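The structure appears right after this line, and notes come after that.
Protein chains in written order, with this note's numbering: chain P, 16 to 477; chain V, 2 to 297.
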């Protein structure tokens, strides 16, 4: 037998074999799962099986947040279906950490869902500035929406279109890590008093030093993050900023910003009431729940959601706004969870209707009272007595936010050129290096960081 | 031989035996400690899966739950479509592994045993694909599957495995085939066997080690694959376990009802098949490391 003949035969047989196995695999494993065993009976109550769409039925694709916090999106998807029997909402759940990758891929592939969850400013600016999301303002105006139902800075936080257009409906509002929460029983037991809004920062430091003396060996009086996000709010408390109002200038080296950063540096290195890098046990939340922290600075959502489940009655939470006596103000960094409509959606009107429902006052109240998360972005929901009763910590926020305007609330901590990740990564690494003693906190380093951060803000749009 | 020399020899002998025993005991102690150290994360996950939510946050973290919460396991099924995800994962893993092993065998056979024009160039190109990071091909592949209308199905996770099985598999298989003497093929050919028959009846029985190695590596790779399912699957009923586990993850800095205990329960259930596979295919895991230099 010649080699050529055997090769030909081999190729023929290979093709046949390959085709056969491929067909078998396609038929067996890739066809619609009609033969797949039924899911366990226990799953039935919460399962959201896709409904068979009747003829003429519209299918609205909704990329929601695929975790427990996203339950609200899925709940309102069902409510929306009940109110619009001709529409089926197909939930395409995606985890928080994976949204950026997935959304970018789907947009590149022209297969984006009609409605999607996005976070301002963590996710929205990049694609918002490229016109990927629909401008919702004309739709709202057409439908006679009263935009004043929303906090104005919530709308500002999602006005991130190519020319500042409103590209999302604002859901859960978040104004920065500026709420002060504490372990009520622990502080009562120590007898030094508790933080108060009207306290000056030196008084607050004095309280922390006293508390620190009573903490266990691995415990700390307080903790606040050291990321750009956290330091932005703190800088604004002192009257400075890291991101200017027009989001084109970095204010790292400004005197007031440096006052804020120096205060934070001293809390870690001089007073030693905030844990250093090697003293942080997992993260702020787990340290607080584990009674290794007396006072935390965070947003109400981050502090309140899951608190009761996590501490199981070991202690209770009390809170106030960040101490800002002595002429300071509470620094805010507005941001929202938001819902966008894909600019190429063929169901833009239906998508917009779903966004309206998800961002309504009713939805806000539902989220706050059922999941303890933020009460949306409407003034009505945040000031609802039911919300305050279930979430006492939300009352402080609402009362503070009611006094803010677009001008006084500040802007999102992200540069206008959408290079947020680049700027945050640079700041987070370099500031941590100074804060934890890897680099000296001197004028040379301050100037270097200022220049580098400004260089990032000066770059063109990616 | 004098009494002195015999006793010296005995002394030496007994000292050698002692040293050998001591060395064995030391090895066992060191290996046991290392084994325990490597097992600890899994052990902690398992005990964590039986804890109440608040016990996850206790300092110092307790090793064992105060009262074992066995209900965490059924709770995973109540919260999410874990059963469906398990079936999806098994389907993907079985078909993708089968496809990768079968098709890479055929391709490698061609590269190893036949001379044809452009063979070496094609082999070099095949190897060159290993240099491409998966991120580079992510969007083009996505577009291909979009055009085929295969998005939100498990087809993109299975079908590519049937087209060659990947450069690494082909390479490993080819190298193994080249180490088998050609005399086997020639003897079979003289007896009238076709090329495919030579492969199936003569070479395949000799290729068991490499096939098992690739099957084991393929199984683990497909079972743990996260990026593929993330990109191609959209609706929960099509998820695989690796993707579905994200439901229980609360991102750092994000609000979240604590679900670490449920995440751990789901992790224990999702790693169990791999652990079982390890017990049955331990030999091939070791062979896999020896042959490929890649850990499972």
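Even glycine gets a Cβ: it sits at the ideal position worked out from N, Cα and C.
Every value quoted in this text rests on a predicted model; they were computed, and no experiment measured them.
Taken atom to atom, the span from the alpha-carbon of residue 329/P to that of residue 198/P is near 10 angstroms. Under the Cβ criterion of 9 angstroms, residue 296/P is counted among the residues facing chain V. Within chain P, 120, 121, 123, 124, 126 have C-beta atoms less than 9 angstroms from the C-beta of residue 143/V, given in sequence order. For residue 88/P, the three-state secondary structure derived from DSSP is helix. With contacts defined by Cβ atoms closer than 9 angstroms, residue 371/P and residue 136/P do not form a contacting pair. Residues of chain P whose Cβ lies closer than 8 angstroms to the Cβ of residue 53/V are, in chain order, 327. Residue 266/P and residue 433/P have their alpha carbons spaced roughly 17 angstroms apart. Residue 31/V sits exposed, since fewer than 16 C-beta atoms from the chains shown fall within 10 Å of its C-beta. Against chain V, the CB of residue 215/P has no partner CB under 9 angstroms away; the residue lies outside that interface.
At a Cβ-Cβ threshold of 9 angstroms, residue 321/P and residue 188/P do not count as neighbours.
Going by DSSP, residue 185/P is part of the beta strand (DSSP E) stretching over 184-189.
A straight-line Cα-Cα distance of about 15 angstroms links residue 206/V and residue 216/V. Nearest C-alpha to residue 248/P among 345/P, 180/P, 385/P, 405/P: 345/P. Pairing residue 230/V with residue 131/V, the inter-Cα distance amounts to about 21 angstroms. Residue environment: residue 37/V is assigned as exposed (fewer than 16 neighbouring CB atoms within 10 Å of its CB, all protein chains considered).
When DSSP states are grouped into helix, strand and coil, residue 196/P belongs to the strand group. When Cβ-Cβ separations below 9 angstroms define contact, residue 137/V makes no contact with chain P. For residue 277/P, there is no enclosing beta strand (DSSP E); the enclosing alpha helix (DSSP H) covers residues 270-284. Residue 209/V has its alpha-carbon roughly 50 angstroms from the corresponding atom of residue 293/P. Residue 438/P and residue 140/P have their alpha carbons spaced roughly 13 angstroms apart.
Straight-line measurement puts the Cα of residue 367/P at about 12 angstroms from the Cα of residue 156/P. Contact between residue 153/V and residue 239/V holds: CB atoms are separated by about 6 angstroms, below the 8 angstroms threshold.
Nearest to residue 235/P by alpha-carbon distance, out of 166/P, 194/P, 244/P, 283/P, is 283/P. Below 8 angstroms, enough C-beta pairs join the segment 135-150 of chain V and the segment 115-131 of chain P to call them touching: three or more. It is roughly 50 angstroms from the alpha-carbon of residue 259/V to the alpha-carbon of residue 177/V. Taking C-beta atoms as the reference points, residue 405/P and residue 383/P count as a pair closer than 9 angstroms. Contacts between residue 105/P and chain V, judged by CB atoms closer than 9 angstroms, involve 235, 236 in chain order.
Counted as a single uninterrupted DSSP element, the alpha helix (DSSP H) harbouring residue 401/P occupies residues 400-405. Using beta-carbon distances, residue 58/V counts as an interface residue toward chain P, with a partner under 9 angstroms. Excluding the 5 residues flanking it on each side, residue 190/P has same chain C-beta neighbours closer than 6 angstroms at 347, 349, in chain order. Within chain P, the residues placing a beta-carbon under 8 angstroms from that of residue 147/V are 124, 125, 126, ordered along the chain. No Cβ of chain P is located within less than 9 angstroms of the beta carbon of residue 183/V. Sequence-distant Cβ neighbours of residue 214/P in its own chain, meaning closer than 7 angstroms and more than five residues away, are 338, 340.
What residue 186/P touches in chain V, judged by beta-carbon distance under 8 angstroms, is nothing: the nearest beta carbon there is about 13 angstroms away.
Of the residues 343/P, 125/P, 401/P, the one whose Cα lies closest to the Cα of residue 147/P is 125/P. By the neighbour-count definition (other C-beta atoms within 10 Å, threshold 16), residue 287/V is an exposed residue.
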